[in-house]
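Worksheet: one structure, shown below.
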Amino acid sequence: MKLTDITQRGLTAIESSLDRAIGVISPRREVARRVVRLTAMKVRQYAAAKTTRLTGDWVPVNQDVNSIIRSSSTMLRGRSRQLVRDFPYFNRAINTLVNYTVGTGIVFQSRVLDENGKYDKKAIRQIEDAVEWAGEEMDVSGKLHLNELERLGKRQDVESGELLFVKTYLKDPKRYLPFCLQAYEADWLTSAYTSVGNGNQIDQGIEFDPATGRVIAYHFAVPSGYGQGGLGGSTKTTRVPAEYVIHNFQTLRPGQLRGVSPFATAILIAHDLGDYLDAEIDGAKMAAKYLAFVTSSDLAGFQNLRATTDSETNQKTEEIENAIIEYLRPGEKVDIAQHNRPGDAFTPFTKFCLRMVAVSTDTTYELLTSDYEGINYSNLRGIRNDYAVMMKPHSMRHILHFSKPVIQEIITQAVLAGKITLPGFWQNPRKYFRGTFTPPGMESIDLLREGKAWIEQINARLRSPQEVAASRGRDFEEILDEIAEAEQMMKDRGLTMKDVSKALQQNPAALGATESTKGNTGKQGGN
1176 MKLTDITQRG LTAIESSLDR AIGVISPRRE VARRVVRLTA MKVRQYAAAK TTRLTGDWVP
1236 VNQDVNSIIR SSSTMLRGRS RQLVRDFPYF NRAINTLVNY TVGTGIVFQS RVLDENGKYD
1296 KKAIRQIEDA VEWAGEEMDV SGKLHLNELE RLGKRQDVES GELLFVKTYL KDPKRYLPFC
1356 LQAYEADWLT SAYTSVGNGN QIDQGIEFDP ATGRVIAYHF AVPSGYGQGG LGGSTKTTRV
1416 PAEYVIHNFQ TLRPGQLRGV SPFATAILIA HDLGDYLDAE IDGAKMAAKY LAFVTSSDLA
1476 GFQNLRATTD SETNQKTEEI ENAIIEYLRP GEKVDIAQHN RPGDAFTPFT KFCLRMVAVS
1536 TDTTYELLTS DYEGINYSNL RGIRNDYAVM MKPHSMRHIL HFSKPVIQEI ITQAVLAGKI
1596 TLPGFWQNPR KYFRGTFTPP GMESIDLLRE GKAWIEQINA RLRSPQEVAA SRGRDFEEIL
1656 DEIAEAEQMM KDRGLTMKDV SKALQQNPAA LGATESTKGN TGKQGGN
């Protein structure tokens, strides 16, 4: 216990004893002293911590992070998955996050250096070939490429709050390497029917050292018939050492063992918005069924004069033709139904709710809805720059906890299997693990304008060509190879590549076009 806590408790005890002593002589003064002391305590509080008439019963549960996740994770995962299935904007948010963090796959480029500090091209070629070959058979089921497993993992990370892969080694002589990955559902982690020893503890299926928080092992209840839970058969509990498990989630508080979906704050507003849209659509459909309302003291007679009988259903139907003059009897009235569903407030209110969903899902309203109305070049440039900054932590976490461990294991297994030869690997494996991981980039909004800016920055030595290529998710070395190949192909055919004019005046904006918020710049479209 801290010394300040002991001192505070001692002072409180002295104050209470003194109040009681005064109360023996004057109970009124005792009560007054206690009231003043409580008032002083409230004054010393943060305003946000005060309990007033306006805060009502707002007393949140302040438990440790694992207790909160333990009691909420199952419901959060279920609701998140249901919204992905049934609410288009929620599915769009997840697809956007996956596409901009993983895309078609994180690009790995080996950067092994020799004794002279130069790139070891021989080792680089061996490593990159091994990674490419192993990636084609990385899925234990033989269905998915490594890039597809990356997308699946990131989707699980966003939808369920965590990704889980178990390293598996198959003894199949037809395979390039025995190493492969098996995807697991977060729901399969369990603490039931398990026991641990050596002073370890288990929480939510994760066995850990309580002294350090280091994860020791994972306990899975894998449905029999992998991936066929609920279709019969028994469920067995399996303990897998931590070194064979890739487990990644966004850590929000110290000591956190399991993850929660980053979309948790969007679940309620997305569900409410979905219900609201359903209600508005149902209301509009119901209103559209009524064409007119007739007021008459003789309804049967009014209908008999105008209605026709369907020979098949024997139902009377009425129609109103164009440009017709109708003479009504006294007391009769026909009112054309006025449909006001959805009302004028529907669009702005829906946009407001969708902006809340966008903020809660780390995306932008424009990407979430594909609504680019009223957006000009400067607005779009700012939106994309902000989104690129938000995506960097997502990509970094995925690379550190998934891409790098997988690539390093591929290199290790390739050396162990004799597929590649890397001198001194076992003495210093980190030398051969050196490389770059490039997440997907964003294509330029205005190629001419931004291309000119890139060229000027490269010429001023403020930006490297590699950085420009990486911002588009490309490997600069591959670009150079493609250019050299194109030049050779043209040379073989007696052609030459012409210089492209760098004049900004070719840009329509420089020829009189302005960044208007109306017109063609307001078209809707996906990114």
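If you read the sequence shown in this note's numbering, its first letter stands for residue 1176, the second for the next number, and so on.
By construction, the Cβ of each residue, glycine as well, lies at the ideal position given by its N, Cα and C atoms.
Remember, it's a predicted structure, so these values are computed and weren't measured experimentally.
{"query": "Taking contact to mean at least 3 C-beta pairs separated by less than 8 Å, is the stretch 1370-1383 in contact with the stretch 1534-1552?", "result": "no"}
{"query": "Within a Cβ cutoff of 8 Å, which residues of the same chain sit near A1644, ignoring the five residues on either side of it in sequence?", "result": "D1650, F1651, I1654"}
{"query": "Within 10 Å of its beta-carbon, does A1329 have 16 or more other beta-carbons around it, so buried, or fewer, so exposed?", "result": "Before going on, a small fix: residue 1329 reads as Lys here, not Ala. With 16 or more other Cβ atoms within 10 Å, it is buried."}
{"query": "With a 10 Å radius around its C-beta and 16 neighbouring C-beta atoms as the bar for buried, classify M1250 as buried or exposed.", "result": "exposed"}
{"query": "Under three-state DSSP, which class holds S1553?", "result": "helix"}
{"query": "Output the distance between the C-alpha atoms of A1462 and E1337, rounded to the nearest integer angstrom.", "result": "45 Å"}
{"query": "At 4 residues or longer, and completely inside the stretch 1639-1676: list those alpha helix (DSSP H) runs for me, N to C.", "result": "1640-1646, 1651-1667"}
{"query": "Considering only the alpha carbon of each residue, which of A1224, Q1357, P1353 lies closest to K1318?", "result": "Q1357"}
{"query": "Output the boundary residues of the alpha helix (DSSP H) element that contains Q1238.", "result": "Neither: Q1238 is in no alpha helix (DSSP H) and is coded neither H nor E."}
{"query": "What residue from M1665, E1657, K1666, R1609 has the CA that sits closest to K1293's CA?", "result": "R1609"}
{"query": "Would you call R1433 buried or exposed, if buried means 16 or more other Cβ atoms sit within 10 Å of its Cβ?", "result": "buried"}
{"query": "Which same chain residues end up closer than 7 Å to I1269 when comparing Cβ atoms and leaving out the 5 residues on each side of it in sequence?", "result": "V1259, R1330, V1333, E1334"}
{"query": "For the pair the stretch 1338-1352 and the stretch 1582-1597, tell me if three or more CB-CB distances fall below 8 Å.", "result": "yes"}
{"query": "Starting from the C-beta of S1535, find all residues in its chain whose C-beta is less than 6 Å away, skip the five residues before and the five after it, and write them out in chain order.", "result": "T1440, A1441"}
{"query": "Could you pull the DSSP bridge partners for F1438 from this structure?", "result": "DSSP, once it has assigned bridges, lists no residue as partnering F1438."}
{"query": "What span of residues does the beta strand (DSSP E) with T1319 cover, start to end?", "result": "Note that residue 1319 is Leu in the sequence shown, not Thr. Careful: L1319 lies outside any beta strand (DSSP E) and carries neither H nor E."}
{"query": "Report the partner residues of I1416 according to the DSSP bridge assignment.", "result": "Inspection of the sequence shows that residue 1416 is occupied by Pro rather than by Ile. BP columns for P1416 point to A1392."}
{"query": "Is Y1264 helix, strand or coil by DSSP?", "result": "helix"}
{"query": "If you follow the beta strand (DSSP E) that E1382 is part of, which residue opens it and which one closes it?", "result": "1381-1383"}
{"query": "Using a 10 Å radius around the Cβ and a threshold of 16 neighbouring Cβ atoms, would you call F1527 buried or exposed?", "result": "exposed"}
{"query": "Just how far apart, CA to CA, sit V1240 and Q1431?", "result": "6 Å"}
{"query": "Please specify which runs of the alpha helix (DSSP H), each continuous and at least 4 residues long, are wholly inside the stretch 1537-1617, giving them in chain order.", "result": "1540-1544, 1552-1573, 1579-1591, 1605-1608"}
{"query": "Tell me the DSSP secondary structure of L1406 in three-state form.", "result": "Confidence is the limiting factor: at L1406 the pLDDT is only 43, short of 50, which leaves the residue's position unreliable, though a coordinate-based value still follows. Coil."}
{"query": "If you follow the alpha helix (DSSP H) that I1630 is part of, which residue opens it and which one closes it?", "result": "1622-1634"}
{"query": "Out of T1426, A1305, T1525, R1209, state which residue places its alpha-carbon closest to the alpha-carbon of D1714.", "result": "Residue 1714 falls outside the range modelled here, since the chain spans only 1176 to 1702, and no answer is possible."}
{"query": "List in chain order: all unbroken beta strand (DSSP E) runs of 3+ residues lying wholly within the stretch 1291-1358.", "result": "1338-1344"}
{"query": "Within 10 Å of its beta-carbon, does G1669 have 16 or more other beta-carbons around it, so buried, or fewer, so exposed?", "result": "exposed"}
{"query": "State the beta-bridge partners of V1397 as determined by DSSP.", "result": "K1411"}
{"query": "Any idea if Q1301 is buried or exposed, counting beta-carbon neighbours within 10 angstroms, 16 or more meaning buried?", "result": "buried"}
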